[in-house]
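Heads up: the protein sequence lines correspond to chains A and B, in order.
Under the numbering used here, the first residue of the first sequence is numbered 51, with each subsequent residue one higher.
Under the numbering used here, the first residue of the second sequence is numbered 693, with each subsequent residue one higher.
Even for Gly, the Cβ is constructed at its ideal location relative to N, Cα and C.
For reference, the structure is listed below as structure tokens.
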Amino acid sequence: MTMSPIQSRILARRTFLRTGLLAAGALTAAPLLAACGSGSGTGGGATAGKITLGTTKIMQFDPYLTNTDIHIHAFYTYLVDYPSDGTYEPTPAGAEKWEFAPDRGSITITLREATFHSGAPVTAADVVAGVKRAQDPDAAFTLAQPTAFVASATAVDTRTVRLDFKRPTPEPLVLDWMFAFPLIPAASNIPAKLEREPAGSGPFRLEEYRRDQRLVMRKNPDYYEADKPFLDEVEYRFYTDEDALVAAFESGSVDGAAYIGFRHADRLRDRFTLVEGSGRMSIFFMNATIPPFDNKLLRQAVARAIDRDRILKQVNFGIGDPVYTAFMPSSPAFDPAYLDSHGFDLDAAGALLEQSGGARKAVAGVVSGTPDVSTLEIIQADLKKIGFELEIAPQEEASYLDALFASKLECCAAAQPNNLQSPSLIARGRQMLTTEENTTFRDKVPPAYVDAVAAAASAVTPEARKTAYAALNDVLVDEAWAIGISTTPSLFALVERVTGLVTDPRDFVDLTETKG
Amino acid sequence: MTTATSPRRRLAPLRRFTRSRSAVVGAVGLLVLVVLAVFAPLIAPFDPTAQDGEPLLGPSGANLLGTDQLGRDILSRLIHGARASLIAAGGAAMVGAGIGVPLGLLAGYLGRWVDAIAMRLVDLLLAVPGILLALVMIVVLGPGRLNLVLAIGIGAVPEFARLTRVATLGIRDRDFVLAARGMGASTADTMVRTVLPNVLGPIVIQFVITASMAVVVEAGLTFLGLGTPPPAPSWGGMLQDARSYLYQSPSYGLFPGLCLVLTVFCLDRIGRGLQLAVSGGGQHPATRVSIGGAV
């Protein structure tokens with residue numbers, strides 16, 4: 051059959067259109083078919099024994115310099131482990147056994163026979179090197195304060211190390227230290243090395259790391275618990291935005307979304323497994339180095355104007371518990387009576403404000419776009435009722451942190467880590483230090499607070515501890531610069547097949563018993 | 693120099709403007725918005741910062757558009773939020789025009805090294821994207837309405853400067869300008885009294901376009917938490933809050949979004965109407981001499 055040039059052009063155009071439509075259809079259908087093909091919701095092209103978790107957190111690998119990195123627990127073994135239920139019952143981990151001296155002036159630790167990821171054995175010399183680093187605040191920000199009770203570490207033999215304390219030290223404080231002390235080969239225990247590559251003996255080894263893209267961990271076959279971890283491989287994928295992370299999770303790109311905001315909980319609860327981690331605490335800090343909060347009565351007034359129940363309901367979506375200062379409900383120093391005696395009471399706040407005779411205005415710093423803005427708005431509205439004007443100044447995160455660390459913020463809401471079973475660990479945070487580095491007091495840290503922390507850190511008997519914790523509570527409530535708002539549990543959303551993901555009491559993800 | 697014109701001719705642009713129905717709709721919409729903003733305390737049913745209601749209520753008789761996450765009346769916050777948008781719109785356009793028009797006028801009329809320096813300054817500003825410039829300025833100056841207006845307005849200076857320069861170049865050698873010089877008018881007098889009135893047409897259109905853009909940028913910056921600080925209501929801030937509660941209260945985010953869309957639509961229609969009014973049927977606005985006194 052012959053065709054005219056016009057017919058030929060029309061046909062060519064039809065062919066072109068048909069081809070184009072087919073191509074477009076194929077392009078559209080391909081991802082849909084691929085998505086359908088993954089079927090079981092395994093996401094991320096997962097195979098048996100592999101899970102993919104999405105996160106917005108930036109990672110580094112030095113456990114001496116972080117208390118916020120979610121992956122750290124996967125790479126390192128600590129001397130002891132705590133269960134995730136908040137009971138603080140120590141179980142042997144890197145340490146096989148330990149024995150306190152009768153006077154609680156030292157402890158002898160026997161290390162488990164284990165190897166690092168490099169294949170080298172774990173030795174007492176590695177612990178001694180680690181303790182030395184931990185005693186240097188510049189090289190070990192996270193561990194320096196908790197290690198303050200240690201006078202020296204001595205390698206008794208290759209697997210035995212003795213720690214001598216500066217004074218008799220309560221067992222819970224030593225156990226908390228052991229829980230936070232990671233085993234690292236002495237030669238690798240340098241910030242510059244650990245910044246980019248972990249060097250531990252934990253359940254997973256680093257397989258691949260591309261900053262801001264992905265982190266792949268493979269099972270450590272030489273892990274001391276022979277049958278663990280259950281997973282062969284864990285991949286973290288990084289997202290710059292939490293909404294993008296949750297969208298990726300809902301679309302099946304990842305098997306879990308780690309550390310997501312409470313606002314997603316209601317939407318995800320019916321379709322996925324939600325796991326609440328131990329989390330941290332939200333604290334309202336007032337800077338006593340500058341006006342107006344250099345006035346103690348004013349601080350006490352503001353402390354009574356914080357409506358924790360409303361903040362929990364309206365900002366935390368009902369997740370978490372109220373706290374009155376930086377003690378979790380699982381802390382032995384937590385005394386719920388303070389929530390009544392020093393809780394939300396605008397009449398009491400108003401009376402204290404009158405007594406203070408101080409300024410009626412302050413500025414609160416906050417990172418823009420965070421739930422803390424809503425928290426501050428609730429406090430702001432209540433303070434307005436008693437004639438105190440709280441201005442909220444949202445800032446970009448870097449500017450906020452600069453101002454916070456330079457003691458330039460008048461007040462703010464910030465997170466504090468769990469103080470485990472040792473209330474004296476409250477003095478770890480920058481705003482809670484007992485030294486001149488304290489960003490809310492500088493060289494005017496109340497002597498009563500310094501004494502109370504010291505007493506809590508050296509109260510050996512249960513009776514002495516009870517007295518010391520009560521004294522610490524009293525001074526915290528009296529000085530009123532760090533007002534507890536609520537616990538803020540971490541939140542994970544997981545597909546159904548992923549089970550056993552927990553966080554330890556520091557809120558680090560523990561994947562040792564995770565199955566997928 | 694300006695010359696007298698007949699009232700009929702002076703009203704011609706207005707007639708052309710009103711001939712465009714969408715422009716009239718835009719003008720009426722903007723007028724309503726201005727009235728709402730100016731009389732917000734009288735019109736809004738509640739204090740926009742009062743956290744008196746139950747959180748996240750849907751529309752009801754008591755709260756026509758419902759309440760937000762802190763129990764504040766959404767309608768009252770929308771009405772008061774119009775202020776933030778209009779202040780940003782008007783303020784930013786005024787800052788942009790206030791700096792850009794004199795700069796463009798000087799560059800276009802004086803030419804030579806003045807033109808070169810002015811345009812390089814403008815190039816410098818153009819090298820940085822407007823939203824980024826505004827972000828940096830807010831971070832440096834701190835959040836707040838005044839800083840927000842300055843940040844958006846300075847980002848709009850290049851458009852005003854270039855537009856004014858081009859329009860000035862088009863008429864600076866025209867007979868009426870030369871005549872003004874010949875009659876002894878000083879350079880400044882000629883620029884202000886003769887050239888400026890005759891280049892106002894495109895500047896007015898640019899003013900409206902800038903105002904429209906400023907509404908969106910203000911909302912964007914506030915959405916990012918760098919604009920109007922809480923608890924002052926702002927549509928961008930409301931959108932940011934609503935984002936967290938889309939599941940619990942889907943209508944919450946709808947209303948501020950609609951307000952933004954309608955405001956930008958109104959300004960866009962007004963801009964289009966002005967363009968028709970000034971161009972008078974297709975000629976380049978810069979070549980027309982109808983607004984502000986004709987020659």
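- The shortest C-alpha to C-alpha distance from A:Asn366 to any of B:Ser936, B:Gly949, B:Leu802, B:Val787 is the one to B:Ser936.
- Beta-bridge analysis with DSSP links A:Gln466 to A:Met331.
- Closer than 7 Å to the CB of A:Asp316 there is at least one CB belonging to chain B.
- Approximately 5 Å separates the beta-carbon atoms of A:Ser332 and A:Thr538; this is inside 8 Å, confirming the contact.
- In the three-state scheme derived from DSSP, where H, G and I count as helix and E and B as strand, A:Met336 is classed as strand.
- A direct Cα-Cα distance of roughly 57 Å separates A:Gln185 from B:Arg812.
- Considering only B:Ala732, B:Leu757, B:Gly721, the residue with the shortest C-alpha distance to B:Pro948 is B:Leu757.
- Between B:Leu825 and B:Ser904, the CB-CB gap reaches or exceeds 7 Å.
- With fewer than 16 other Cβ atoms from the protein chains shown falling within 10 Å of its own Cβ, A:Gln263 counts as exposed.
- Between B:Ala789 and B:Val814, the CB-CB gap reaches or exceeds 7 Å.
- Around the CB of B:Gly965, 16 or more other CB atoms lie within 10 Å, so the residue is classed as buried.
- Taking C-beta separations shorter than 7 Å and ignoring five residues to either side along the sequence, the partners of B:Ile771 in its chain run Leu728, Ala732, Ile735, Ala736, following chain order.
- Contact annotation: A:Ser472 and A:Leu223 have beta-carbon atoms nearer than 7 Å.
- Assignment of beta-bridge partners to A:Arg287 by DSSP yields A:Gly104, A:Arg264.
- Contact note: A:Glu446 reaches chain B through Val831, Leu918, using a C-beta cutoff of 8 Å and chain order.
- Cβ-Cβ distances below 7 Å link B:Thr955 to Leu725, Ser777, Val907 in the same chain, with the five nearest sequence neighbours on each side left out; the list follows chain order.
- DSSP lists A:Ser536 as the bridge partner or partners of A:Pro372.
- In the DSSP assignment, A:Lys147 falls within the unbroken beta strand (DSSP E) covering 145 to 150.
- One Cα belongs to A:Asp207, the other to A:Ile157, and the distance between them is close to 14 Å.
- Rounded to whole angstroms, the gap between the alpha carbons of A:Thr339 and A:Gly479 is 17 Å.
- Taking 7 Å as the threshold, the shortest C-beta distance from B:Tyr939 to chain A falls below it.
- Excluding residues up to 5 positions away in sequence, Ala205, Ala236 lie with their Cβ nearer than 7 Å to the Cβ of A:Ala175 in the same chain.
- Per the Cβ contact rule, the stretch 737 to 749 of chain B is in contact with the stretch 761 to 768 of chain B (3 or more Cβ pairs under 8 Å).
- In the structure shown, A:Asp344 falls within a coil segment according to DSSP collapsed to helix, strand and coil.
- Counting the other Cβ atoms within 10 Å of the Cβ of A:Thr173 gives 16 or more, which makes it buried.
- Among the CB atoms of chain A, one or more fall inside 7 Å of the CB of B:Ser936.
- Cα atoms of A:Ile428 and A:Ser536: separation of roughly 14 Å, rounded to the nearest angstrom.
- Pairing B:Arg873 with B:Thr882, the inter-Cα distance amounts to about 7 Å.
- With contacts defined by Cβ atoms closer than 7 Å, A:Leu440 and A:Leu433 form a contacting pair.
- Shown in chain order are the members of the stretch 413 to 426 of chain A whose Cβ falls below 7 Å from a Cβ of chain B: Ser418, Gly419, Val423, Ser424.
- At least one CB of chain A lies nearer than 7 Å to the CB of B:Gln761.
- Straight-line spacing of the CA atoms in A:Cys462 and A:Val416 works out to 6 Å.
- Residue environment for A:Ile108: exposed (fewer than 16 other C-beta atoms within 10 angstroms of its C-beta).
- Residue environment: B:Val953 is assigned as exposed (fewer than 16 neighbouring CB atoms within 10 Å of its CB, all protein chains considered).
- When the five nearest sequence neighbours on each side are left out, the beta carbons in the same chain lying within less than 7 Å of the beta carbon of B:Leu749 are those of Asn755, Gly758, Thr759, in order along the chain.
- Comparing alpha carbon positions, the residue from A:Phe394, A:Tyr132, A:Leu348 closest to A:Lys411 is A:Leu348.
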